[in-house]
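So the sequence lines, in the order shown, correspond to chains A and B. Going letter by letter, the first sequence gives residues 1 to 302 in the UniProt record's numbering. Going letter by letter, the second sequence gives residues 1 to 302 in the UniProt record's numbering. Here a beta-carbon is modelled for each residue, glycine too, at the ideal position from N, C-alpha and C. Working notes, structure below.
There are 2 protein chains.
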Amino acid sequence: MTEWDIKKLQILRTLNERGTVTATAQVLLMTPSAVSQQLSNLAKQVGVPLLEAHGRRVRLTGAARLLLRHADAVLAQLERADAELAAYAKGEAGEVRVGAFATAVPALVVPAVRALRGAHPGISVRVREAEAGEAYDLLAAGDVDLALSLAAQAPREFEGGRFTQVTLLADPLDVALPRDHPLARTAALRLADLASEPWIFGGSGPWSEITRTACEAAGFVPEQAHSAAGWEAILAMVEAGMGVALVPRMAGAGAFGRSGVAMRELAADRPRRHVIAAVRRGAEASPTVSHVLAALRGATRA
Amino acid sequence: MTEWDIKKLQILRTLNERGTVTATAQVLLMTPSAVSQQLSNLAKQVGVPLLEAHGRRVRLTGAARLLLRHADAVLAQLERADAELAAYAKGEAGEVRVGAFATAVPALVVPAVRALRGAHPGISVRVREAEAGEAYDLLAAGDVDLALSLAAQAPREFEGGRFTQVTLLADPLDVALPRDHPLARTAALRLADLASEPWIFGGSGPWSEITRTACEAAGFVPEQAHSAAGWEAILAMVEAGMGVALVPRMAGAGAFGRSGVAMRELAADRPRRHVIAAVRRGAEASPTVSHVLAALRGATRA
DNA sequence: TCATTCTTTGAAGCAGATCTGAACGATTAC
DNA sequence: GTAATCGTTCAGATCTGCTTCAAAGAATGA
Numbered sequence: 001m002t003e004w005d006i007k008k009l010q011i012l013r014t015l016n017e018r019g020t021v022t023a024t025a026q027v028l029l030m031t032p033s034a035v036s037q038q039l040s041n042l043a044k045q046v047g048v049p050l051l052e053a054h055g056r057r058v059r060l061t062g063a064a065r066l067l068l069r070h071a072d073a074v075l076a077q078l079e080r081a082d083a084e085l086a087a088y089a090k091g092e093a094g095e096v097r098v099g100a101f102a103t104a105v106p107a108l109v110v111p112a113v114r115a116l117r118g119a120h121p122g123i124s125v126r127v128r129e130a131e132a133g134e135a136y137d138l139l140a141a142g143d144v145d146l147a148l149s150l151a152a153q154a155p156r157e158f159e160g161g162r163f164t165q166v167t168l169l170a171d172p173l174d175v176a177l178p179r180d181h182p183l184a185r186t187a188a189l190r191l192a193d194l195a196s197e198p199w200i201f202g203g204s205g206p207w208s209e210i211t212r213t214a215c216e217a218a219g220f221v222p223e224q225a226h227s228a229a230g231w232e233a234i235l236a237m238v239e240a241g242m243g244v245a246l247v248p249r250m251a252g253a254g255a256f257g258r259s260g261v262a263m264r265e266l267a268a269d270r271p272r273r274h275v276i277a278a279v280r281r282g283a284e285a286s287p288t289v290s291h292v293l294a295a296l297r298g299a300t301r302a
Numbered sequence: 001m002t003e004w005d006i007k008k009l010q011i012l013r014t015l016n017e018r019g020t021v022t023a024t025a026q027v028l029l030m031t032p033s034a035v036s037q038q039l040s041n042l043a044k045q046v047g048v049p050l051l052e053a054h055g056r057r058v059r060l061t062g063a064a065r066l067l068l069r070h071a072d073a074v075l076a077q078l079e080r081a082d083a084e085l086a087a088y089a090k091g092e093a094g095e096v097r098v099g100a101f102a103t104a105v106p107a108l109v110v111p112a113v114r115a116l117r118g119a120h121p122g123i124s125v126r127v128r129e130a131e132a133g134e135a136y137d138l139l140a141a142g143d144v145d146l147a148l149s150l151a152a153q154a155p156r157e158f159e160g161g162r163f164t165q166v167t168l169l170a171d172p173l174d175v176a177l178p179r180d181h182p183l184a185r186t187a188a189l190r191l192a193d194l195a196s197e198p199w200i201f202g203g204s205g206p207w208s209e210i211t212r213t214a215c216e217a218a219g220f221v222p223e224q225a226h227s228a229a230g231w232e233a234i235l236a237m238v239e240a241g242m243g244v245a246l247v248p249r250m251a252g253a254g255a256f257g258r259s260g261v262a263m264r265e266l267a268a269d270r271p272r273r274h275v276i277a278a279v280r281r282g283a284e285a286s287p288t289v290s291h292v293l294a295a296l297r298g299a300t301r302a
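If you want it as structure tokens, here you go:
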């Protein structure tokens, strides 16, 4: 028996509740004949008699009671599926798979998940760490539903492509320089003022080019004295007077408690790093995805 | 959505495994056309899109993955039902409801259930205590599958009726009399020798008449001096010299440790009490029921 | 005991759904 | 650019299930 029929199981269940074929037919808006046929059909499929005559009515056999237990479980499961799908349609259930770069996970995704748990308990988020390029591949392949990536420029919100992108956060880049540096107290610090300094390049992946890009936009080519993947290492080098660095305000907040480092805002044409959320074209219409997007937005303000 | 179709869920599951409509169709021995139609049909029923185009293939949506989890559970449940029904057909699964008189439960049913648990773990027994008359009503109404009752005569094993009866045990009745009674040492004790003794009638239900019936069969009318429902009370009265009594050997084994009571076998035309198992006509062919019957038989020999 | 009534079951006809086969649009590989 | 692959759509054929009608079995009442 490989081809199960839910309707037959429902008929069996109703027969068990009502006790007679006729009453079952009334409840299910069928004729007694149809009920009888379906049940004998089911019995033939399972290979075991389900009904036996008892006076002018029928009685369920042991096999029928056995089958009934499973039928109840199956029908209950289907009702749950129904309810969850209804919730899904309203954006109150479902799973959203998020691909995010490493530092975004604790800074954005985790707070968003936490907020989501309160506001939309039915929505679950599955996180997968992925750098920008990979994240877009995953997004295109359908392995994630939402990708978080970094970029130096805000994306043109092109609607014609395969993705829809929105900027979650435009984090300004501040300059980290030694506390006793002559420029540490300048009134209006501009990037060009640091043209002759030794620079410490940051980060991994696409981020490693951000310092060079920003400096070139300011009109000079920076001298790459050092480079490091983590912000803490970079700030340590700054503190030691080994150079200056561009640090996203989000990452460098408080300079990790290093008193020898001065964080200075840039006065003009301040470079920013953009945290971009991308979904497949059309997916932003999904209520579930849009709830996750809203939660991520909220996390940028916390 | 109230009308679920298992076949559609299987198609969705296979599509998830194989990844393409064509491969799914091959596995399920269908045409890609049919697969496509069934899936779009399912999506329409659910009210949420399940597939979206991805290149020249399709990808499952979040709703599809949500539905898939439930589909897996449902299909697994159905496979279990299938397995259990197959086991049921072989008599290795199922539930047998037994109606039994009170003293049969510890003496016969419990040992049988214990033995059954080892030999046929899939079979479960549901016990319901019922006196003889009630047990047969329950059996006729289909509320139990097997009835245990007591009778003074072995049933004629009539096959034409509604029930099939078999004698599980023909327990001889012994005479309990005070140890110092003159007849306590007679060589061949017959019931007629006790015609002038005061009798203690036993038991409840149909059993209360057994003493009278046996004595009348022996040619005299017993004097009912006392009566009690429990064998222990009866033996206490015998020990006190208040009368003699007929006691089933099974019930009176060891005379409950009363040294003042002598248990004597009857020499001739010894009356017996019969423990009878009855099933509805035809039910003895059920492997499950016959396994329980065999276990009950085995319990009579232990 | 007989008739009535209720229940279930069976046969024939019909309606709906599903499957097949071919054609089309779109995408990928060579 | 061309050919092959994939998914979908449409029309026709087939199948399953439902309804109507009819009959048989079993319980209730007189």
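Please confirm whether residue i and residue j have their CB atoms less than 8 angstroms apart.
i	j	result
A214 of chain A	L150 of chain A	no
A64 of chain A	L51 of chain A	yes
L148 of chain B	V96 of chain B	no
A176 of chain B	V244 of chain B	yes
R179 of chain B	A240 of chain B	no
residue 303 of chain B	L39 of chain B	Past the edges of chain B, shown from 1 to 302, lies residue 303 of chain B, and the structure says nothing about it.
V125 of chain B	L116 of chain B	yes
F101 of chain B	E79 of chain B	no
G142 of chain B	H70 of chain A	no
G202 of chain B	A170 of chain B	no
I6 of chain B	D5 of chain A	yes
V74 of chain A	L168 of chain A	no
So residue i contacts chain B; which residues on that side make the cut at Cβ distance below 9 angstroms?
i	result
G26 of chain A	According to the sequence displayed, residue 26 of chain A carries Gln and not Gly. Per Cβ cutoff of 9 angstroms: no residues; Q26 of chain A is ~17 angstroms from chain B at best.
Using DSSP with H/G/I as helix, E/B as strand and the rest coil, what is residue i?
i	result
L51 of chain B	strand
G160 of chain A	Residue confidence is low: G160 of chain A scores 46 on pLDDT, short of 50, so the model does not pin down where it sits. Its coordinate-derived value is still stated next. In the structure shown, G160 of chain A sits in coil (DSSP, three-state: anything other than H, G, I, E or B).
G94 of chain B	strand
T186 of chain A	coil
V74 of chain A	helix
E3 of chain A	coil
R56 of chain B	coil
M263 of chain A	strand
P271 of chain A	coil
A195 of chain B	coil
A283 of chain A	helix
V105 of chain A	helix
L173 of chain A	strand
V144 of chain B	coil
T167 of chain B	strand
G99 of chain A	strand
A278 of chain A	strand
A218 of chain A	coil
Residues of chain A with CB under 8 angstroms from residue i, in chain order?
i	result
E95 of chain B	G62, R65, L66
H291 of chain B	What H291 of chain B touches in chain A: nothing, since even the nearest Cβ is about 12 angstroms away.
Where do the N-terminal and C-terminal ends of the alpha helix (DSSP H) with residue i fall, by residue?
i	result
W231 of chain A	231-239
S124 of chain B	Run containing S124 of chain B: none in the alpha helix (DSSP H); it sits in the beta strand (DSSP E), 123-129.
S290 of chain B	287-300
residue 304 of chain B	Residue 304 of chain B cannot be examined here, being either before or after the span of chain B that is shown, 1 to 302.
P111 of chain A	110-119
S259 of chain B	No alpha helix (DSSP H) contains S259 of chain B, which DSSP labels as neither H nor E.
Run down chain B in chain order and give the residues with a C-beta less than 8 angstroms from the C-beta of residue i.
i	result
Q77 of chain A	H70, A73, V74, Q77
I6 of chain A	E3, W4, D5, I6
What first and last residue would you give for the beta strand (DSSP E) that runs through residue i?
i	result
G202 of chain B	198-202
E223 of chain B	223-228
A245 of chain B	245-248
The ligand GTP and residue i: does any heavy atom of the ligand fall closer than 7 angstroms to the residue's C-beta?
i	result
L108 of chain B	Of ligands this structure carries none, so the ligand GTP is not represented either.
I want to verify the contact list: residues of chain A whose CB lies under 7 angstroms from the CB of residue i, in sequence order.
i	result
V46 of chain B	L85
S259 of chain B	The contacting residues do not exist; S259 of chain B stays about 49 angstroms from chain A at best.
A100 of chain B	Ordered by position in chain A, no residue passes the 7 angstroms Cβ test against A100 of chain B, which lies about 18 angstroms from the chain.
H54 of chain B	G142
contact_flag[the stretch 289-297 of chain B, the stretch 92-111 of chain B] where n(CB pairs < 8 angstroms) is 3 or more: Yes, the stretch 289-297 of chain B is in contact with the stretch 92-111 of chain B.
Touching by the beta-carbon criterion (3+ pairs, under 8 angstroms), the stretch 266-274 of chain B and the stretch 228-245 of chain B: Counting Cβ pairs under 8 angstroms, fewer than three are found: no touch.
Meets three-Cβ-pair contact criterion under 8 angstroms: the stretch 186-199 of chain B and the stretch 213-228 of chain B: yes
The stretch 76-88 of chain A contacting the stretch 106-125 of chain B, beta-carbon criterion three pairs below 8 angstroms: no
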